[in-house]
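Engineer: Using our numbering, the final residue of the sequence shown is 186, and nothing's skipped along the way. Every residue gets a Cβ at the ideal spot worked out from N, C-alpha and C, and that includes glycine. Everything numeric in this text was worked out from a predicted model, so none of it was measured.
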Amino acid sequence: MSKRWFRLPSPALVISMLALALVLGGTAVAATKSVHGDKAADVKLIKKLAPTLSVKKAKNADKLGGAPASAYARATPLSFTAPTLLNSWTAAGGFVAPGYAIDQFGTVHLRGAVLHAGASSDDILTLPAGLRPSGAVDEAAAVYGPAAAVIKIETDGTVHLVSGTSTFVDLDGVSFTTAG
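(1) So what's glycine 2 in DSSP terms, helix, strand or just coil?
(2) Whose CA, out of Thr184, Thr173, Phe174 and Tyr150, lies closest to the CA of glycine 163?
(3) Can you check which of these residues, Leu131, Ala107, Gly112 and Ala142, is closest to alanine 97 by C-alpha distance?
(4) Measuring alpha carbon to alpha carbon, tell me which residue in Gly32, Asp129, Val114 and Gly112 is nearest valine 120.
(5) Tell me the DSSP bridge mates of leucine 121?
(6) Under 8 Å Cβ to Cβ from glycine 105, same chain only, skipping five residues before and after it: list those, please.
(7) Is valine 165 near leucine 133, with beta carbons less than 8 Å apart?
(8) Going by CA-CA distance only, name the one from Thr113, Ala146, Ala77 and Ser169 that's closest to aspartate 176.
(9) Using the Cβ count rule (16 or more neighbours within 10 Å means buried), how would you classify alanine 155?
(10) Which same chain residues, not among the five before or five after phenylalanine 182, have their C-beta less than 8 Å away from its C-beta?
(11) Using only alpha-carbon positions, find the residue among Thr161, Ala47, Ser169 and Val149 that is nearest to aspartate 178.
(12) Between the beta-carbon of leucine 84 and the beta-carbon of alanine 107, is there less than 8 Å?
(13) Which whole-angstrom value describes the C-beta separation of histidine 122 and threonine 173, a residue pair presumed to lie in contact below a C-beta threshold of 8 Å?
(14) Run through DSSP, which three-state label would aspartate 48 get?
(15) Assign valine 29 to one of three DSSP states: helix, strand, or coil.
(16) Distance check for alanine 46 and lysine 54, CA to CA, integer angstroms please.
(17) Quick one: what's got a C-beta closer than 7 Å to alanine 79's C-beta in the same chain, skipping five residues either side?
(18) I need the DSSP call for alanine 148, collapsed to helix, strand or coil.
If you want it as structure tokens, here you go:
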């Protein structure tokens, strides 16, 4: 005759299961909908459950951090300008056309893909004044080929490939802050 020994659950397990049952039961009670016949009963219930809420505090709900909502910057759609491509660089067909734009924070964004028929170290394009960095900027770029490449944006606005030799360069994601 063999005896079977059962191990009782630990006190910690019993307490945690009890707490879980109370939490889930409390959530179910809170989720039930109470309907009152008049507005005065609803106001009385709200004041009883949350005495810190008041209509006086709600009048500034349209302000964030003491400032009106209109004081915060909104994301505005960028209006990209097509650059003049240099040294036999052309827009890559089937991809987004190359372009540049500046946002309301002074960040210049490049986009699009370009192709080249000759030596790929030549300048790709020149950015206009006002859209140039205060110091040379190196940015990683996607290229067609086995190696990564770096795009350099010079203070005179020239954009060229400084590492890697490729005939296809994707400018998407290249961005920098202007000198101004």
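Structural biologist: According to the data block:
(1) Nothing can be reported for residue 2: it is not among the residues displayed for the chain, which extend from 7 to 186.
(2) Cα-wise, what sits closest to glycine 163 is Thr184.
(3) Shortest Cα-Cα distance from alanine 97 to any of Leu131, Ala107, Gly112 and Ala142 involves Leu131.
(4) Closest option to valine 120, Cα to Cα, is Asp129.
(5) Leucine 121 pairs with Thr96 and Phe174.
(6) For glycine 105, where only same-chain residues beyond five positions count, the Cβ hits under 8 Å are Phe86, Thr87, Ala88, Pro89, Leu116, Arg117 and Gly118.
(7) Contact: yes.
(8) Comparing Cα-Cα distances from aspartate 176 to each of Thr113, Ala146, Ala77 and Ser169, the minimum goes to Ala146.
(9) The residue in question, alanine 155, is buried, as its Cβ has 16 or more Cβ neighbours within 10 Å.
(10) If we look at phenylalanine 182 and ignore the five residues flanking it on each side, its Cβ neighbours are Thr113, Val114, Pro139, Val143, Glu145 and Ile159.
(11) Nearest option by C-alpha distance: Val149.
(12) Yes, these two residues count as a Cβ contact at 8 Å.
(13) Indeed, because the Cβ distance is near 5 Å, the residues count as touching under 8 Å.
(14) DSSP places aspartate 48 in helix when its eight states are reduced to three.
(15) Note: valine 29 maps to helix in three-state DSSP.
(16) Counting only the Cα atoms, alanine 46 lies some 12 Å from lysine 54.
(17) The beta carbon of alanine 79 is closer than 7 Å to those of Gln110 in its chain, skipping five residues each way along the sequence.
(18) Strand at alanine 148.
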